[in-house]
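Structure record follows, encoded as C-alpha cells.
Protein chains in written order, with the numbering used here: chain A, -4 to 710; chain B, 2 to 222.
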C-alpha cells in the first residue's frame, strides 16, 4: 500500500512506541474490499452489551453500536489482545470530562482476553460528512461554531497534558448542536503516522504537521491540524492535496498554503496556525480562537433575524404552539447584539440588497423546479421578451430609472461617508473592512444549505443532550474511503478529472457527438423559432421565420464546432474569444446574406434607438430606416460572439443542462451590444436566446454523479 | 424495475423455515430494525398504515417516538396514489396546521406536538417507499436514524436516491416483498444466515446478510 512511499520519503517510523508485532485485525481487512465486522447484530461478545451493528473501524479496532442490558446506547470499541499501548492511552483519558469530548465510560475485558472500550455514542453527522455536503465550504458562522467546539476540546486535552495527534473531520461529530471530539485517548500513545501510513493512508496525512516527519509530537501538531480543519471548513477542501501520501507530506513540509479562497478575515489565523516552524504557531488553541475575527465582521450582511431561523422553525403565525426558541445565554445574546450593531453599521444600500435578495431567492426556488417547470417558465420569459410592449416599457422607463438610482446611490454614499467622518473612524473602518468580505460571504452562503441551528451559543455553554446518542460511522475502509474522498473532496478536483476523461475522447467520438449535436441543434433551433414567433403573437412573414431559424441554427453550429474541440481543455479565454469573434463575423455575414436573399426586412420595434439614430454611421446602417447593412450585421454578431463565453454553455461539465440564468445573461449582453450597434429587436435578442438555449440543450451533459464514476471507471 | 417476475428457487431447508416464518409472521404486520453495518440503524414499517405516537412502556403504535406527543398522535397511510397523514392531535404540514387527512409529498415537513419535526421524502422514483428523517433532535424507540415506510421495495445503495444511502457500497442491494415475505437481491453473491445465494434469496425478519461488499441485519421489534 502506501508504506513503501512513506519509508522512502520520510522517516515516519521514528515513533516512540515499538510497532506491535501482531498488527491485529487490520491485516485481515481485505484491500479495497468490504468492511468486515467480526460480530453481527445480536451477538454479545462483551457481557452486558448486545451489539446492534458495526459502526466502523477506527485507528485501532472495530467500533460497534451496542445497547446495554439496561438499555443504554453506547459505542464499544474492540481492542484485541490487550494492546498495552492502546489501553494505557485509554485509561489515561478515561476520566476526562468535557462537553466537547466523546465521553469514555469504561474499559472492560471479555472472556477471550480482548479489551473493549465503552464510550458515548454521538448522534449526528461527522464533520467529514458535513464538509462533503458543502463542497464550497460552510457558511462562516457555522464553520466558526465547529472550529470553536473543536478548539475547546483540544484546549482541554492540552491542559491535561494530552496531544490528540489525530485530529481530522472524520473524528469530529456534532451531537445536538454540540461539537464532540472522538478518538483522543486512542491516538495518544500510538503514532497516528505509522498507523496511517499502513492502513489509513492518505486521509490522515492531510492534517499532519511537518515536524511529525522528524518524530516531534508536541501539541503544536494539533494547532496545525486545527488550522487545516479551519481552512477546510471554510473552503470545502484541504490546503495540501496530492496523488500520494508522499506528495501530500512533501507539500506539508515545503509548500505554502494558498489562502486566496479563504475569506480575508481568516487568512492571518490560518497562515499562523499552518506555520512550518512549530514555534511560530499559536501557543494554544485558546489563543488561536481569540485571533479569529469577530463573527459579525464576516457575516454582517445577513439579515440577522430572518435568515438565521432554523430550517424547520414554524413561522410566527402559529408561534404560540411552538416551543419558544432556546434562551441564548447572556454572552451569546451579547454577541448577537454586537452582531446586529455591526450589521447596521455596515448595512448596504437597501434597494440593491432587496434586488439581490429577491434575485437570490428566485434562483434558489429555481433550483428546486423540475425540468418541465423550468421550460415552462423559460417559455413565459421568452413571451415577455418577445412582446414589443415590454420593450417599449423597458426602453422608456429603464434608462431614467437607472440614472435615478445611480444619482441616489452616489448621494447616499456621500451622506454616509460624511456621517462616518463625523462619528469618528470606527464606522468607516468597519465598513471598509467589512464590505469586501461580507459581500463574498453573503454570496457564498446563498448557495449553501441553511444553517441548522441559529446563532448557536458558544459550544462550551450548551447543555448536553438528554437522550441517548448515536455515533456516526467514521469512514470505514480507509484506503477506499480516502481514495473516494480524493474524488469527492473538491469541486475543482473532480472537474479536472472529468475533464481529463473528456480529453481522452477519440477524434471519431468527438465528430460523432458533434454531428449529433448539430442535427439536434437544427431541430431545436427551428422549433424554438416557431415557439418564439408564436409567443410574440403578431403575424410574421415566413421569410422572417426562415431568417430567424437559419441564423439561430448557423449561430449554434458556430459555437458547437469550436467548443467541441475545446472540450475538456483549459484553453486561453482570449484566443477562444478571438476564434468566436471570427465565427461571429461569419454568422453576421450569413445573417446579412440571408436577409438579402430572402428579401426581408426585419420588422423593427422602436425601442432599439436608445441612443438615437443620429449616431448611426452610413457605412453600418441604411440611414433611411435605420436597418443595419452588412457592417451592422458583422458588428452586432461579432460582438455578440466575442463578448460571451459561449463555450461554457457547451461544456459537458456545466452545472445544469439548461441554465436559464445563462440564457438571461446572453440576452442581457445582446441588449448591451444593441445599444452600441443597434439591431432590429426583438430579433437580435431572440437569436441570442435561441442560440444559448439550443447550444445548452444539444450539447452533451454529464450529470454530477456520473462525473465521479467516469474517471473512476477508467482506473 | 424492481417488481421481479423471476421464479424463486425453493429447495433448501432455509426456504422452508422462511416460509414458515413468513406465514406465522406476515411482513406487512411487522416492525423491523434494519441495521446496516458502517451506515446506520433504520426503523422499517412495512405496513400501509403507520400510526405514530409517544414511546411509552405499553405503547402500541407502529412508530413510537421519544417526544412530547400523544400516545397516538397521527397516522400515515400509503395507497396507490401516495401518502396521506391523518392528524389525531396537533400536526403541522409545511408549517400549516392540518385538521383533516392531507397528502404528503416528497420534501414535506411534518411537525407534531410542540417540537418534533420530520422531513418526509420519497427518494427513489420507481419505488413507493418513503423515508422520514428527523429534523429535530428526536429519535424513535428503539433508536434509529430514520423511519422507512417500506412499500414493495427498499433500495440500499451508493447513490443519493437510494432509500438507505450506503456511500461505500459498489452497487445496490434491494429488499423486496414477494409471496408475503421478504427477499434480498444483489448483483453479487451473498450469504443469508450461512446459506449462500447467487443473486436473490429469501430473508427472515432476523436475518444477517453478508455480501462481498456489504453486511446488514434485520431485527424484529
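Don't be surprised by glycine CBs; every beta carbon is placed ideally from N, CA and C. As the structure is a prediction and not an experimental result, all values here were calculated from the model.
*Please list, in chain order, all residues of the same chain as residue 555/A whose beta carbon is under 8 angstroms from its beta carbon, the five residues on each side excluded.*
Walking along the first chain from the start, residue 555/A turns up at place 560. Once the five neighbours on either side are set aside, the close Cβ partners of residue 555/A are 509, 512, 513, 516, 645, 690, 693 and 694.
*Would you mind listing the beta strand (DSSP E) stretches within the region 77 to 147 of chain B that are 3+ residues and don't spill past its ends, in chain order?*
Runs found: 83 to 88, 92 to 94, 97 to 99, 103 to 105, 110 to 113, 117 to 122 and 131 to 135.
_Considering only the alpha carbon of each residue, which of 221/B, 129/B, 187/B and 220/B lies closest to residue 211/B?_
Taking the second chain and counting its residues from 1, the one referred to as residue 211/B is at position 210. When only C-alpha atoms are compared, the closest one is 187/B.
*asked:* Based on DSSP bridge pairs, tell me the residues matched to residue 179/B.
replied: As a first step, residue 179/B must be located in the second chain, where it is residue number 178. Under DSSP, residue 179/B takes part in a beta bridge, and its partners are 182/B.
*From this set, 551/A, 129/A, 127/A and 179/A, which residue's C-alpha is nearest residue 152/A's C-alpha?*
Here residue 152/A refers to the residue found at position 157 of the first chain. Just measuring C-alpha positions, the residue of 551/A, 129/A, 127/A and 179/A sitting nearest residue 152/A is 179/A.
_Proximity test, Cβ basis, 7 angstroms: residue 187/B and chain E_ = This model lacks chain E altogether; the protein chains it does include are A and B.
*Any idea if residue 43/A is buried or exposed, counting beta-carbon neighbours within 10 angstroms, 16 or more meaning buried?*
Here residue 43/A refers to the residue found at position 48 when the first chain is read from its first residue. Exposed, since its Cβ has fewer than 16 Cβ neighbours within 10 Å.
*Please confirm if residue 80/B has its CB atom under 7 angstroms from at least one CB of chain A.*
Working through the second chain from its first residue, we reach residue 80/B at position 79. No, no contact with chain A.
*Member of 50/B, 96/B, 151/B and 30/B whose CA lies at the smallest distance from the CA of residue 175/B*: Numbered from 1 along the second chain, position 174 holds the residue referred to as residue 175/B. The residue among 50/B, 96/B, 151/B and 30/B with its C-alpha nearest the C-alpha of residue 175/B is 151/B.
_Exposed unless 16 or more other CB atoms sit within 10 angstroms - verdict on residue 631/A_ = Residue numbering aside, residue 631/A sits at position 636 when the first chain is read from its first letter. So residue 631/A ends up on the buried side.
*Beta-carbon proximity list for residue 69/B, same chain, < 7 angstroms, skipping 5 on both sides*: Counting from one through the second chain, the residue named residue 69/B turns up at place 68. Residues 114, 115 and 116 of the same chain have their beta carbon placed closer than 7 angstroms to that of residue 69/B, with the five preceding and five following residues left out of the count.
*Taking only the alpha-carbon atoms, compute the straight-line gap between residue 448/A and residue 120/A and give it to the nearest angstrom.*
In the first chain, residue 448/A corresponds to position 453, counting from 1. In the first chain, residue 120/A corresponds to position 125, counting from 1. The pLDDT assigned to residue 448/A is 38, lower than 50, so where the model puts this residue is not dependable, and the model offers no usable value.
*Can you list the residues of chain A that residue 209/B reaches, using a CB-CB cut of under 9 angstroms?*
Residue numbering aside, residue 209/B sits at position 208 when the second chain is read from its first letter. Listed along the chain, the chain A residues whose CB falls inside 9 angstroms of the CB of residue 209/B are 35, 36 and 37.
*Of all the CB atoms in chain A, is at least one closer than 7 angstroms to the CB of residue 36/B?*
Taking the first residue of the second chain as 1, we reach residue 36/B at position 35. Residue 36/B counts as touching chain A.
*How should residue 587/A be labelled, buried or exposed, when 16 other C-beta atoms within 10 angstroms of its C-beta is the threshold for buried?*
As a first step, residue 587/A is located in the first chain; it is residue number 592 there, counting from the start. Classification for residue 587/A: buried.
_Runs of beta strand (DSSP E) lying entirely within the region 630 to 698 of chain A, each at least 3 residues, in chain order_ = Taken in chain order, the complete beta strand (DSSP E) segments of 3 or more residues contained in the region 630 to 698 of chain A number zero; there are none.
_Where residue 198/B falls: helix, strand or coil (DSSP)_ = Residue 198/B sits at position 197 when you count from the first residue of the second chain. Residue state, collapsed to three classes: strand.
*Measuring only between beta-carbons, confirm whether residue 47/A sits less than 7 angstroms from chain B.*
In the first chain, residue 47/A corresponds to position 52, counting from 1. Yes - at least one Cβ of chain B is within 7 angstroms of the one on residue 47/A.
*Sorted by chain position, which residues of the same chain lie with C-beta nearer than 7 angstroms to residue 666/A's C-beta, five sequence neighbours on each side aside?*
Here residue 666/A refers to the residue found at position 671 when the first chain is read from its first residue. Around residue 666/A: 680.
_Are the CB atoms of residue 38/A and residue 46/A within a distance shorter than 7 angstroms?_
Taking the first residue of the first chain as position 1, residue 46/A is located at position 51. Taking the first residue of the first chain as position 1, residue 38/A is located at position 43. Yes, they are a contact pair.
*What does residue 175/A pair with, by DSSP beta-bridge criteria?*
To locate residue 175/A, count along the first chain from 1; it is residue 180. For residue 175/A, which the question treats as bridged, DSSP gives the partners 168/A.
_Check whether the region 62 to 73 of chain A and the region 54 to 70 of chain B are in contact - that is, three or more C-beta pairs closer than 8 angstroms._
Not touching, per the Cβ criterion.
*Under a CB-based cut-off of 7 angstroms, is residue 168/A close to chain B?*
As a first step, residue 168/A is located in the first chain; it is residue number 173 there, counting from the start. Taking Cβ atoms only, chain B never reaches closer than 7 angstroms to residue 168/A, which makes this a no.
*For the region 115 to 146 of chain A, which residues have a CB atom closer than 7 angstroms to at least one CB atom of chain B, in sequence order?*
Residues: none.
*Give the interface partners of residue 32/A over in chain B, defined as CB-CB distance under 7 angstroms, in chain order.*
If you number the first chain from 1, residue 32/A lands on position 37. Among the residues of chain B, those whose CB is under 7 angstroms from the CB of residue 32/A are 38 and 216, following chain order.
*Name the residue from 196/B, 148/B, 160/B and 172/B whose alpha carbon lies nearest to the alpha carbon of residue 33/B.*
As a position in the second chain, residue 33/B is number 32, starting the count at 1. Shortest Cα-Cα distance from residue 33/B to any of 196/B, 148/B, 160/B and 172/B involves 148/B.
_Which residues in chain B have a C-beta closer than 7 angstroms to the C-beta of residue 171/A? List them in chain order._
Within the first chain, numbered from 1, the residue matching residue 171/A stands at position 176. Simply 138.
*CB contact check: residue 51/A to chain B, cutoff 7 angstroms*: Along the first chain, one-based indexing puts residue 51/A at 56. Closer than 7 angstroms to some Cβ of chain B, the Cβ of residue 51/A qualifies, so yes.
*Would you kindly report the start and end of the unbroken beta strand (DSSP E) that includes residue 65/B?*
By one-based count along the second chain, residue 65/B stands at place 64. Residue range 64 to 66 is occupied by the beta strand (DSSP E) that includes residue 65/B.
*asked:* Along the region 212 to 244 of chain A, where does the CB come closer than 7 angstroms to a CB of chain B? Name the residues.
replied: Listed by position, the residues of the region 212 to 244 of chain A near chain B (Cβ gap below 7 angstroms) amount to none.
*asked:* For residue 208/A and residue 241/A, I'd like the C-alpha separation in whole angstroms.
replied: Locating residue 208/A in the first chain gives position 213, where the first residue counts as 1. Locating residue 241/A in the first chain gives position 246, where the first residue counts as 1. Rounded to whole angstroms, residue 208/A to residue 241/A spans 11 angstroms at the Cα level.
*Counting only beta-carbon atoms, is residue 1/B nearer than 7 angstroms to chain A?*
Because residue 1/B is not part of the residues shown, which for chain B are 2 to 222, the question remains open.
_With DSSP as the reference, identify every bridge partner of residue 45/A, one or two as the case may be._
As a working note, residue 45/A is residue 50 in the first chain. Answer is 62/A.
_Proximal residues to residue 169/A (C-beta, below 6 angstroms), its chain only, five neighbours per side dropped_ = Along the first chain, read from residue 1 onward, the residue named residue 169/A stands at position 174. Taking residue 169/A as the centre and dropping the five residues before and after it, the same chain places the C-beta of 119 closer than 6 angstroms to its C-beta, in chain order.
*residue 212/A and residue 158/A: beta carbons closer than 7 angstroms?*
Numbered from 1 along the first chain, position 217 holds the residue referred to as residue 212/A. Numbered from 1 along the first chain, position 163 holds the residue referred to as residue 158/A. In contact: residue 212/A and residue 158/A (Cβ atoms closer than 7 angstroms).
*Do the CB positions of residue 194/B and residue 208/B come within less than 7 angstroms of each other?*
Translated into positions along the second chain, residue 194/B becomes position 193. Translated into positions along the second chain, residue 208/B becomes position 207. The answer is yes: Cβ separation under 7 angstroms.
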